[in-house]
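2 protein chains.
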Amino acid sequence: MEFMEDALKNAQEAFERKEVPVGCVFIYKNEIIARGSNEVNETKNATRHAEMICIDLVLSYCKKLNLDPQEVFREIVVVVTVEPCIMCAAALHNLSVKEIVFGCKNDRFGGTTVVNVFELLQSSVKIVGGVRDTEAMDLLKEFYKGENPSAPLPKTKRKV
Amino acid sequence: MEFMEDALKNAQEAFERKEVPVGCVFIYKNEIIARGSNEVNETKNATRHAEMICIDLVLSYCKKLNLDPQEVFREIVVVVTVEPCIMCAAALHNLSVKEIVFGCKNDRFGGTTVVNVFELLQSSVKIVGGVRDTEAMDLLKEFYKGENPSAPLPKTKRKV
Numbered sequence: 046m047e048f049m050e051d052a053l054k055n056a057q058e059a060f061e062r063k064e065v066p067v068g069c070v071f072i073y074k075n076e077i078i079a080r081g082s083n084e085v086n087e088t089k090n091a092t093r094h095a096e097m098i099c100i101d102l103v104l105s106y107c108k109k110l111n112l113d114p115q116e117v118f119r120e121i122v123v124v125v126t127v128e129p130c131i132m133c134a135a136a137l138h139n140l141s142v143k144e145i146v147f148g149c150k151n152d153r154f155g156g157t158t159v160v161n162v163f164e165l166l167q168s169s170v171k172i173v174g175g176v177r178d179t180e181a182m183d184l185l186k187e188f189y190k191g192e193n194p195s196a197p198l199p200k201t202k203r204k205v
Numbered sequence: 046m047e048f049m050e051d052a053l054k055n056a057q058e059a060f061e062r063k064e065v066p067v068g069c070v071f072i073y074k075n076e077i078i079a080r081g082s083n084e085v086n087e088t089k090n091a092t093r094h095a096e097m098i099c100i101d102l103v104l105s106y107c108k109k110l111n112l113d114p115q116e117v118f119r120e121i122v123v124v125v126t127v128e129p130c131i132m133c134a135a136a137l138h139n140l141s142v143k144e145i146v147f148g149c150k151n152d153r154f155g156g157t158t159v160v161n162v163f164e165l166l167q168s169s170v171k172i173v174g175g176v177r178d179t180e181a182m183d184l185l186k187e188f189y190k191g192e193n194p195s196a197p198l199p200k201t202k203r204k205v
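So the sequences go chain by chain: A and B. Add 45 to the 1-based position in the first sequence for our numbering, that's all there is to it. Add 45 to the 1-based position in the second sequence for our numbering, that's all there is to it.
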């Protein structure tokens, strides 16, 4: 899938900026209108996930072209390398995006895995997971290996 | 509690702007450093909840005063008139705020009621609910009464 290729490139770029490597693109009428990746470390703002970056870019896009954001979001397909976290999942539900396509699962924070936010909120968003998941996961593993050699793999749940 | 008084004022102000009346203040070292209320309708951005507005204001505050946002957020007490939704609850967890004080419950979207996001994410955020909850709920009831034309009619007898 060409769009996931683009999202993976953004994840790679985040990796190079020493951010958790998650990349994302937002598709509107079969065209990419926003590209994003994690900016948490750079901004020291733990909410600046790839999806949140893209949400803001779509709003700027709508403003520029004088489009109604509500209508645009309803047609948006989100393509993201890692399953959206609970915060992003709820944000995407709030915006009523059309579809979410993700790569690998997010066993610690995932908004469909840890808890199914979409089910809880009776969402009609279509969700497809597992698209090029190995590549997405490899990037995460590489990142966590580099960051903290003694850290468990991202898939391992933290013990309390 | 004086801070909830301030949050309720912000909720009232949102009501007057025809937004879902939720108001919020963020406290740092016993002082209000951010005030926010819903801006969803105005911005046509369903993620612009009171808490998200305040998060951005805290980041501006930190930039201006050259403070580390991570350290500041760790000391923040969030005072909000309505229980944070799942998105905001997860965002506040991500930012590791110190404490959340809320007014009334949010039975449809609440991040502790519909699902306990903090428990799921093994959060150490202290949470206190029910502070001046009647006033917060009254504002919501008043708003939805005015907004929803299909809401049940008041039980006054119609003259024939």
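Don't be surprised by glycine CBs; every beta carbon is placed ideally from N, CA and C.
| query | result |
| --- | --- |
| Coil, strand or helix - residue 171 of chain A by DSSP | strand |
| Whole-angstrom distance between residue 190 of chain B and residue 91 of chain A, CA atom to CA atom | 37 Å |
| For residue 59 of chain B and residue 75 of chain B, believed in contact at Cβ under 8 Å, the rounded distance | In fact, because the Cβ distance is near 25 Å, the residues do not count as touching under 8 Å. |
| CB contact check: residue 69 of chain A to chain B, cutoff 8 Å | no |
| Among B:109, B:157, B:73, nearest to residue 117 of chain B - alpha-carbon criterion | B:73 |
| Interface partners of residue 114 of chain A on chain B, CB under 7 Å | 89, 90 |
| Residue-chain proximity (residue 77 of chain A, chain B), Cβ-Cβ < 8 Å | no |
| Three-state secondary structure assigned by DSSP to residue 177 of chain B | coil |
| Rounded separation between residue 81 of chain B and residue 171 of chain A - CA only | 32 Å |
| Local Cβ density within 10 Å of residue 108 of chain B, reported as buried at 16 or more and exposed below that | exposed |
| Burial state of residue 128 of chain A (16 or more Cβ within 10 Å) | buried |
| Any C-beta of chain B under 8 Å from that of residue 121 of chain A | no |
| Length of the line joining the Cα atoms of residue 102 of chain B and residue 99 of chain A | 20 Å |
| Residue 107 of chain B - partner residues in DSSP beta bridges | In the DSSP output, where bridge partners are listed per residue, residue 107 of chain B has none listed. |
| First and last residue of the uninterrupted alpha helix (DSSP H) at residue 52 of chain B | 47-61 |
| Chain A within 8 Å of residue 48 of chain B, Cβ atoms only | no |
| Limits of the alpha helix (DSSP H) - the one that residue 84 of chain A falls within | Looking at the DSSP string, residue 84 of chain A is not in any alpha helix (DSSP H), and its letter there is neither H nor E. |
| Residue from A:61, A:62, A:185, A:63 whose Cα sits closest to the Cα of residue 266 of chain A | The requested residue 266 of chain A is not part of the displayed model; chain A covers only 46 to 205. |
| Three-pair Cβ contact test at 8 Å for the region 148-168 of chain A versus the region 171-181 of chain B | no |
| Rounded separation between residue 150 of chain B and residue 89 of chain B - CA only | 25 Å |
| For residue 115 of chain A and residue 106 of chain A, the rounded distance between their alpha carbons | 12 Å |
| Under the three-state DSSP convention, the category residue 76 of chain B falls into | strand |
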